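Chains A and B, in that order, give the protein sequences.
Residue numbers for the first sequence follow the UniProt record's numbering, so the first one is 1 and each next one is one higher.
Residue numbers for the second sequence follow the UniProt record's numbering, so the first one is 1 and each next one is one higher.
Quick reminder that beta carbons are idealized off the backbone N, C-alpha and C, glycines included.
Bear in mind the structure is a predicted one, so any value in this text is a computation, not a measurement.
Since the structure comes first, as structure tokens, the remarks are kept for the end.
Protein chains: 2
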Amino acid sequence: MKEYIQANQQRYLDELFDFLRIPSVSADSRHQPDMLRAAEYIKEKLLQAGLDKAEICPTAGHPVVYAEKIVNPEWPTILVYGHYDVQPADPIELWHTSPFEPVIRTTEIHPKGAIFARGACDDKGQIYMHVKAIEAMLKHDALTCNVKIMFEGEEEVGSANLATFVAENKEKLKADIILISDTSIIGHDVPSVETGLRGLAYMEVEVEGPNRDLHSGVYGGAVANPINVLSKMIASLHDEDGRITVKGFYDKVVELSAEERDALEAAPFNLEDYKKDLGIAEVSGEKGYTTRERASIRPTLDVNGIWGGYTGEGSKTVLPSKAFAKISMRLVPDQDWNEISDLFMQHFTAIAPPTVKVKVKPHHGGQPYVTPTDSPGYLAAFKAMQESFGKTPVPTRGGGSIPIVSLFEKELGLKSILLGFGLDSDALHSPNEHYGIVNFMKGIETIPLFYKYFRENFQ
Amino acid sequence: MKEYIQANQQRYLDELFDFLRIPSVSADSRHQPDMLRAAEYIKEKLLQAGLDKAEICPTAGHPVVYAEKIVNPEWPTILVYGHYDVQPADPIELWHTSPFEPVIRTTEIHPKGAIFARGACDDKGQIYMHVKAIEAMLKHDALTCNVKIMFEGEEEVGSANLATFVAENKEKLKADIILISDTSIIGHDVPSVETGLRGLAYMEVEVEGPNRDLHSGVYGGAVANPINVLSKMIASLHDEDGRITVKGFYDKVVELSAEERDALEAAPFNLEDYKKDLGIAEVSGEKGYTTRERASIRPTLDVNGIWGGYTGEGSKTVLPSKAFAKISMRLVPDQDWNEISDLFMQHFTAIAPPTVKVKVKPHHGGQPYVTPTDSPGYLAAFKAMQESFGKTPVPTRGGGSIPIVSLFEKELGLKSILLGFGLDSDALHSPNEHYGIVNFMKGIETIPLFYKYFRENFQ
Chain A
1 MKEYIQANQQ RYLDELFDFL RIPSVSADSR HQPDMLRAAE YIKEKLLQAG
51 LDKAEICPTA GHPVVYAEKI VNPEWPTILV YGHYDVQPAD PIELWHTSPF
101 EPVIRTTEIH PKGAIFARGA CDDKGQIYMH VKAIEAMLKH DALTCNVKIM
151 FEGEEEVGSA NLATFVAENK EKLKADIILI SDTSIIGHDV PSVETGLRGL
201 AYMEVEVEGP NRDLHSGVYG GAVANPINVL SKMIASLHDE DGRITVKGFY
251 DKVVELSAEE RDALEAAPFN LEDYKKDLGI AEVSGEKGYT TRERASIRPT
301 LDVNGIWGGY TGEGSKTVLP SKAFAKISMR LVPDQDWNEI SDLFMQHFTA
351 IAPPTVKVKV KPHHGGQPYV TPTDSPGYLA AFKAMQESFG KTPVPTRGGG
401 SIPIVSLFEK ELGLKSILLG FGLDSDALHS PNEHYGIVNF MKGIETIPLF
451 YKYFRENFQ
Chain B
1 MKEYIQANQQ RYLDELFDFL RIPSVSADSR HQPDMLRAAE YIKEKLLQAG
51 LDKAEICPTA GHPVVYAEKI VNPEWPTILV YGHYDVQPAD PIELWHTSPF
101 EPVIRTTEIH PKGAIFARGA CDDKGQIYMH VKAIEAMLKH DALTCNVKIM
151 FEGEEEVGSA NLATFVAENK EKLKADIILI SDTSIIGHDV PSVETGLRGL
201 AYMEVEVEGP NRDLHSGVYG GAVANPINVL SKMIASLHDE DGRITVKGFY
251 DKVVELSAEE RDALEAAPFN LEDYKKDLGI AEVSGEKGYT TRERASIRPT
301 LDVNGIWGGY TGEGSKTVLP SKAFAKISMR LVPDQDWNEI SDLFMQHFTA
351 IAPPTVKVKV KPHHGGQPYV TPTDSPGYLA AFKAMQESFG KTPVPTRGGG
401 SIPIVSLFEK ELGLKSILLG FGLDSDALHS PNEHYGIVNF MKGIETIPLF
451 YKYFRENFQ
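Structure follows, in structure tokens:
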């Protein structure tokens with residue numbers, strides 16, 4: 001089967017490229033038709049791979065693509081989750097090639113070539129590994145578990161409608177484990193399996209000063225400027241130690257034991273390479289924690305976007321009426337995203353000076369998540385990685401969020417296995433996102449091993 | 001002549017409307033052709049009014065429109081300065097009618113109607129008063145001074161090329177006084193003449209963190225976010241008393257005497273009406289100064305625009321590479337805008353943390369200015385206002401800037417008289433800018449009186 005997979009690499013890539021050419025940006029309503037095209041495309045590929053009952057299931061938002069192959073009711077069933085939507089491509093001017101016209105280029109980290117396109121790694125490239133792995137297993141009569149596919153179109157905008165879909169399709173989605181490839185490994189020669197993810201609370205704030213834009217000469221100095229005020233409010237959200245000042249923010253944060261922290265630190269990491277890759281002189285963050293801890297086991301607050309006043313060419317001496325910011329917080333066990341959203345709203349409103357009016361609107365969020373490392377699913381992932389990489393994989397905690405995993409556990413009573421093959425340096429959510437060809441192929445080879453070991457462990 | 005002016009009101013308005021329909025936005029290079037159209041239009045109107053030698057003088061930027069009428073070399077010469085360029089119209093969505101399709105509407109403050117359009121007051125409406133006043137004087141053989149016209153097209157972007165033009169045309173621009181209508185009166189029944197203007201230093205800053213946009217989950221908490229950093233830097237530019245923290249910023253600020261401050265406070269002002277008009281619960285500003293002082297005799301620092309990260313629809317969990325802001329400072333005697341620009345650059349660079357790189361670029365600026373109230377020019381303006389309003393005008397200090405006036409004094413050795421007729425509430429630089437028809441007509445009637453009294457005082 002491995003030979004078959006190697007022999008078909010070019011075809012796999014051609015098919016993936018067609019998939020990547022569809023600009024399925026879920027956040028932008030102008031791409032609605034592309035979302036449907038992407039759903040149609042992946043549905044067709046699932047049928048061609050040999051799955052049955054591939055269907056496009058409408059939701060209040062973008063549709064869910066479902067498919068299944070029940071070989072034997074006695075066998076365990078794997079529910080594969082992923083998403084066919086992608087992040088917006090902007091800032092478009094920073095892309096070296098068009099985000100929706102994939103090209104292969106080599107990089108220092110990817111000497112054998114990487115696919116450059118929005119969604120190459122997050123998550124079209126990674127869900128396509130599953131489609132091709134299943135195709136290969138079926139071709140070789142080696143599908144050792146039943147499989148169900150659930151690819152959604154709203155992961156990048158908070159999976160707003162997937163909860164309803166899952167709640168309404170519990171029977172259809174019945175399975176023994178959920179398998180997700182939407183995370184990363186430490187390096188080409190350092191396989192890893194993520195044991196946890198951070199939660200998310202995403203907010204949008206509006207600060208209004210005067211009821212209209214003003215001439216900064218006539219009114220400047222006498223009327224509060226909403227941009228200056230917003231800046232001051234944002235600045236106050238962190239203290240000098242890099243801790244978040246929102247009241248009650250840390251109340252439910254679980255502190256890891258020294259042993260757990262040591263285990264995470266055991267994985268290879270080079271701070272100098274990290275800084276060099278990002279082009280920064282210094283890292284920064286919460287006092288008392290390492291860079292990896294700050295990016296995985298600690299909660300954060302980042303402004304994802306800010307705008308107000310005149311942002312065009314040249315200059316405009318305006319004292320604007322309003323200023324805006326998108327602010328998101330990454331959460332860790334046992335923070336609850338609804339609770340944190342409320343705390344943020346209360347805090348942000350409370351710190352607003354009487355010179356302005358403030359509006360806070362929650363965008364979306366999700367709960368943090370941890371996988372038990374002794375479960376059959378985790379052990380199967382561990383063995384599969386070990387065999388295909390020929391190295392013992394390292395357990396890691398991911399900094400990103402897949403809001404839906406905690407919901408799966410709640411609604412379906414299923415754990416999720418995070419079997420990702422990307423690299424953190426693959427520029428996810430950034431211009432020039434890419435995915436190594438080696439990583440893509442390694443994924444297709446590893447997934448059948450997961451099926452094999454899950455079946456074994458399951459007995 | 002007054003009757004003639006009244007009788008021609010409709011024609012004056014029709015001509016002004018055509019002028020206002022030309023979107024002469026100097027800050028936006030896409031409006032280059034409109035700039036030329038506006039220059040052509042006003043040149044034609046100057047010729048029709050009876051001036052000689054109207055010409056469009058090219059500069060490195062937008063052209064200067066020049067015209068003159070030398071009646072008698074023995075008589076004093078008035079150089080009229082103004083600008084035919086306007087501020088950008090955005091945020092366009094906040095305009096109730098199209099910014100470049102003028103309409104007349106009544107407001108609480110303008111019961112007899114006001115012209116709504118970008119540039120209605122600043123400054124197309126006000127320069128057009130001069131064109132029509134000169135036309136009326138010539139029609140009635142009542143032009144008692146020689147007149148020279150200099151209308152530029154770069155006032156809203158810092159008059160970058162006017163300095164060169166003035167330096168190269170000293171002979172041509174030879175005059176006895178400069179007359180400018182680009183400021184405001186206190187109210188319809190409270191005439192005032194501005195005795196000073198604030199200077200300006202306009203900067204643009206860029207804060208760069210990582211060399212690319214990052215996934216806020218993978219890197220958030222461990223890498224400095226340039227928006228958070230910029231917010232903190234901006235917040236630090238004011239202390240708790242509302243004073244600007246830029247080192248050396250106040251060193252050359254001239255403190256007014258108690259008498260001078262009392263004189264300025266004598267002019268009618270109602271804080272409650274002021275807050276009501278702006279829809280704010282509280283004013284704010286430098287401790288120890290009144291609202292009017294904060295907006296006129298004290299220097300300020302305002303963020304005129306800020307942008308960074310994802311500002312589109314929905315959400316994007318990005319930790320951006322860069323954040324930007326446009327920051328301007330209003331200056332008072334004897335602050336020097338070049339000096340302040342340097343101080344700002346040094347300070348802003350100095351307060352940047354080692355986690356980011358900072359770029360500071362000065363946009364433009366101008367020196368603060370004060371007119372002596374005992375000069376023939378000021379006295380002529382005073383008498384003209386007194387006669388046409390039937391009330392004693394109040395001397396005021398303006399908060400805005402006309403960077404070029406101090407340059408006129410330096411290059412041409414001439415004082416400028418600020419004979420403006422707008423109201424601060426006319427929404428200059430804002431959506432729904434407007435100019436009262438009464439104000440427009442009052443200006444056309446008052447200007448000839450200035451010529452009359454200037455000629456008299458001049459003897």
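Do you know offhand how far residue i's Cα is from residue j's?
| i | j | result |
| --- | --- | --- |
| GLN335 (chain B) | ASP182 (chain B) | 22 Å |
| ASN161 (chain A) | THR59 (chain A) | 6 Å |
| GLU272 (chain B) | THR291 (chain B) | 11 Å |
| ASN4 (chain B) | ALA136 (chain B) | The sequence given here has Tyr at residue 4 (chain B), not Asn. Answer to the nearest angstrom: the Cα atoms are 7 Å apart. |
| ASP52 (chain B) | LYS69 (chain B) | 6 Å |
| ASP123 (chain A) | LEU13 (chain A) | 15 Å |
| ILE444 (chain B) | MET129 (chain B) | 5 Å |
| HIS364 (chain B) | ILE327 (chain B) | 11 Å |
| GLU240 (chain B) | VAL207 (chain A) | 20 Å |
| MET345 (chain A) | GLU339 (chain A) | 10 Å |
| SER388 (chain A) | MET35 (chain A) | 34 Å |
| ILE115 (chain B) | ASP277 (chain B) | 19 Å |
Residue i lies in the beta strand (DSSP E); which residues open and close that run?
| i | result |
| --- | --- |
| MET150 (chain A) | 146 to 152 |
| LYS361 (chain A) | 357 to 366 |
| SER328 (chain B) | 322 to 331 |
| LYS69 (chain A) | 64 to 69 |
| ASP342 (chain A) | Where ASP342 (chain A) is concerned, there is no enclosing beta strand (DSSP E), although the alpha helix (DSSP H) it sits in stretches over 337 to 350. |
| GLY82 (chain B) | 77 to 83 |
| PHE116 (chain A) | 114 to 116 |
| THR290 (chain B) | It is not in any beta strand (DSSP E) - THR290 (chain B) carries neither H nor E in the DSSP assignment. |
| MET203 (chain B) | 199 to 208 |
| TYR435 (chain A) | 434 to 436 |
Please classify residue i as buried or exposed, where buried requires at least 16 neighbouring CB atoms within 10 angstroms.
| i | result |
| --- | --- |
| GLN126 (chain B) | buried |
| ILE42 (chain A) | buried |
| ILE140 (chain A) | According to the sequence displayed, residue 140 (chain A) carries His and not Ile. Exposed, by the Cβ-count rule. |
| VAL254 (chain B) | exposed |
| ILE92 (chain B) | exposed |
| THR392 (chain B) | exposed |
| ASN72 (chain A) | exposed |
| GLN87 (chain B) | buried |
Would you mind telling me which residues of chain A sit closer than 8 Å to residue i, beta carbon to beta carbon, in chain order?
| i | result |
| --- | --- |
| GLU313 (chain B) | ALA27, ASP28, SER29 |
| THR355 (chain B) | ILE280, ALA281, GLU282, VAL283, SER284 |
| TYR310 (chain B) | PRO88, ASP90, ASN304, GLY305, LYS326 |
| ASN338 (chain B) | Simply none; closest approach about 17 Å. |
| HIS364 (chain B) | SER315 |
Would you give the residue range spanned by the alpha helix (DSSP H) that residue i belongs to?
| i | result |
| --- | --- |
| SER231 (chain A) | 226 to 235 |
| GLU272 (chain B) | 271 to 278 |
Going along chain A in order, which residues have a C-beta closer than 9 Å to the C-beta of residue i?
| i | result |
| --- | --- |
| GLY199 (chain B) | Simply none; closest approach about 10 Å. |
| TYR81 (chain B) | In chain order: nothing, as chain A lies at least about 17 Å away. |
| ASN228 (chain B) | ILE234, ALA235, LEU237, HIS238, LEU301, ASP302, VAL303 |
Just to make sure I have the definition right: I need the residues of chain A whose C-beta is within less than 7 Å of the C-beta of residue i. Which are they?
| i | result |
| --- | --- |
| VAL298 (chain B) | Rather than Val, the amino acid found at residue 298 (chain B) in this sequence is Arg. Residues of chain A passing the Cβ test: GLY221. |
| LEU331 (chain B) | What LEU331 (chain B) touches in chain A: nothing, since even the nearest Cβ is about 11 Å away. |
| ASP424 (chain B) | VAL218 |
Name the chain B residues whose beta carbon is nearer than 8 Å to that of residue i?
| i | result |
| --- | --- |
| PRO431 (chain A) | ARG212, ASP213 |
| HIS130 (chain A) | Chain B residues near HIS130 (chain A): none, gap ~22 Å exceeds 8 Å. |
| TYR202 (chain A) | SER315, THR317 |
Counting only Cβ pairs nearer than 7 Å, list the residues of chain B close to residue i.
| i | result |
| --- | --- |
| ASN225 (chain A) | ASP302, VAL303 |
Flag this pair as touching only if the segment 187 to 203 of chain B and the segment 94 to 108 of chain B have three or more C-beta atom pairs under 8 Å; answer yes or no.
no
- Task: Mind the definition here: the segment 182 to 193 of chain A touches the segment 413 to 423 of chain A only if three or more C-beta pairs lie below 8 Å; say whether that holds.
- Result: yes
Could you check whether the segment 396 to 405 of chain A touches the segment 211 to 218 of chain B, counting it as contact only if at least three pairs of C-beta atoms, one from each stretch, sit closer than 8 Å?
yes
_Does the segment 141 to 151 of chain A come into contact with the segment 72 to 84 of chain A, if we say contact requires no fewer than three beta-carbon pairs (one atom in each stretch) closer than 8 Å?_
yes
_Assess contact between the segment 301 to 316 of chain A and the segment 16 to 30 of chain B, defined as three or more Cβ pairs (one per stretch) separated by less than 8 Å. Is contact present?_
yes
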